[in-house]
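Heads up: the sequence shown runs through residues 1 to 442, numbered per UniProt numbering.
So the structure is just underneath, and the comments pick up after that.
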Amino acid sequence: MANPYQNYSGAPGYNPNPAYAQPGQQPPQQPPPHGAPPQGYYPPPQGYPPQGYPPQGYPPQGQYPPPGQYPPQGQYPPPQQPGYGYPAQPPPGGYGIPPGAPGYGAPGQFPQPGYGAPVAPTPPSPGYIPGQMATGRDATKDAEALRKAMKGFGTDETTLIDILSRADPLYMALINDTYTKKIKRNLEQDIAKECSGKLEKVLLALVRGPLMQDVYAVNEAIKGMGTNESLLDNVLLGRTNADIKAIKEAYKKTFGSSLEADVRADLSAATEQFYNNVMAAERAEEATPIDPNLIDQDVKSLHGALRGNLGVPKSVVFQMLARRSDAQLRAISDAYKAQNGTDLEADISELFDGHMKDALVQILRGARNPARKDAQLLEESMAGFGTKDELLIYMAVRVHWNRDHMEKVKDAYRNKYGKELRSRVAGETKGDYEKALLAVLQ
1 MANPYQNYSG APGYNPNPAY AQPGQQPPQQ PPPHGAPPQG YYPPPQGYPP
51 QGYPPQGYPP QGQYPPPGQY PPQGQYPPPQ QPGYGYPAQP PPGGYGIPPG
101 APGYGAPGQF PQPGYGAPVA PTPPSPGYIP GQMATGRDAT KDAEALRKAM
151 KGFGTDETTL IDILSRADPL YMALINDTYT KKIKRNLEQD IAKECSGKLE
201 KVLLALVRGP LMQDVYAVNE AIKGMGTNES LLDNVLLGRT NADIKAIKEA
251 YKKTFGSSLE ADVRADLSAA TEQFYNNVMA AERAEEATPI DPNLIDQDVK
301 SLHGALRGNL GVPKSVVFQM LARRSDAQLR AISDAYKAQN GTDLEADISE
351 LFDGHMKDAL VQILRGARNP ARKDAQLLEE SMAGFGTKDE LLIYMAVRVH
401 WNRDHMEKVK DAYRNKYGKE LRSRVAGETK GDYEKALLAV LQ
């Protein structure tokens, strides 16, 4: 009998690493370690990427830098090494989660059986390996033009917007490095000095690159009174293990405190427990095979928790959504509806409310269709009275780092709302702020 879940495998929808067709940016070809798939091999998508979201030509999975060492600039490190100086993790269980003691309060305690061999971890996204830059390119002219645009009386905002909005993550890192070495100044500090307001925020998000953009955004979300829940969710939910680890490491280096501790201090009760699991970076990897029996077990557990069956705590729901891969969540979502006749998102929305509901729904939507999820978030940042500028800037800059994904977001926005995304942004913004966001979304 054919495996009914075989079509859920494939590359993840949001966090995949786009292939940058620039000289010197291909991964090095090295023999794979014992038990790992050969380089360049991905499990075939087999027809079920998230609704019109085909897999990209990403670098081979599992290519992490050895501890305390980074790969040559513009390249991915050899496979099967732990990244960012983290010690090697134990082989994942059935869904990439080590079996633990009964209980649902802390990371690593979601009880479940394991199966199969360990799978290669998804590599960090471009821009999430400190020190990695584009190779085979010269950023001297751009660095000089940026300095000229800010030197002397007045600022040439048009030049700043034009250069910074066109750079991909690895070229942005090269621009920063070139500016420091050739101009003998700090680009981020110069931007902060010469620009102000919302334009400054857009340009700083670009100059910092995707990793440091995340680091500053999550700090912005939790500092001061209250929590910017939407911003916090968008930085941390649905991310790969590699990217979460990179964010935690960079956060500690930047602010001198633990991301986990700072986020926990801003949350409480079930939401705090949920984020403990998110920040543990113990999601199943996307290469983890889909096991029909485990999917069915998950569906039964979810239905029991969502329908109030005795003995099944509702914490099962947020534990599961925080730890399953996107492919597994797609399979679970479809099986849930097939077996129970109700939609998983709708049932989650009935049981949970507030921040927890929003977070769980976002994870599920991101697994099902990442482009449509981002289109909805962009609209939410502009809908109603006033514009949520922090969220709009973060989402616009984040989607632009992956140009293929950005085009899918534009298509999804057009299909859902019947208008062009850039036109909608133009109606909500003005001046140099408008010019910057439109250039980012070009």
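Glycine included, C-beta positions come from ideal geometry on N, C-alpha and C.
Within its own chain, the residues whose Cβ lies closer than 7 Å to the Cβ of M150, once the five positions on either side in sequence are excluded, are D190 and E194, listed in chain order. Comparing alpha-carbon positions, the option among L364, A217, L237 and G308 lying closest to A331 turns out to be L364. Approximately 14 Å separates the beta-carbon atoms of R208 and Y171; this is outside 8 Å, ruling out the contact. Counting along the chain, the unbroken alpha helix (DSSP H) around S230 starts and ends at E229 to L236. Residues of the same chain with a CB within less than 7 Å of the CB of K314, apart from the 5 flanking positions on each side, are A305 and L351 in chain order. Around the C-beta of K148, fewer than 16 other C-beta atoms lie within 10 Å, and the residue is accordingly described as exposed. Rounded to whole angstroms, the Cβ separation of V235 and D214 is 5 Å, and the two are in contact under 8 Å. The alpha carbon of K248 has as its nearest neighbour, out of V119, T155, D266 and L259, the alpha carbon of L259.
For the options R323, D298, S325 and R324, the alpha carbon positioned closest to that of V312 is the one of D298. For the pair F255 and M395, the Cα-to-Cα distance works out to about 23 Å. Runs of the alpha helix (DSSP H) lying entirely within the segment 127-169 and spanning at least 4 residues, in chain order: 140-150 and 157-166.
Rounded to whole angstroms, the gap between the alpha carbons of A338 and A281 is 30 Å. Burial of F318 is indicated by the presence of at least 16 other C-beta atoms within 10 angstroms of its C-beta.
Listed in chain order, the non-local C-beta contacts of E420 below 7 Å within the same chain comprise R414, local neighbours out to five positions each way being set aside. Ranked by how close their Cα comes to the Cα of A375, the residues I393, K408, R368 and D353 have K408 in first place. DSSP places E286 in the coil class of the three-state scheme, outside both helix and strand.
Distance between T342 and E229, taken at the CA atoms: about 28 Å. Look at E420 here: in three-state DSSP terms it is coil, with no helix or strand label. Cα atoms of A439 and I161: separation of roughly 7 Å, rounded to the nearest angstrom.
For Q442, no alpha helix (DSSP H) segment is defined, and its DSSP state is neither H nor E. Counting the other Cβ atoms within 10 Å of the Cβ of S325 gives 16 or more, which makes it buried. Contact annotation: A367 and D233 have beta-carbon atoms that are not nearer than 7 Å.
For L329, same chain residues with a beta-carbon under 8 Å away, outside a window of 5 residues either side, are L321, I363, L364, A367 and R368 in chain order. Within the same chain, V316 come within 6 Å of S301 by CB-CB distance, once the 5 residues on both sides are set aside.
7 Å or more divides the Cβ of T429 from the Cβ of H355.
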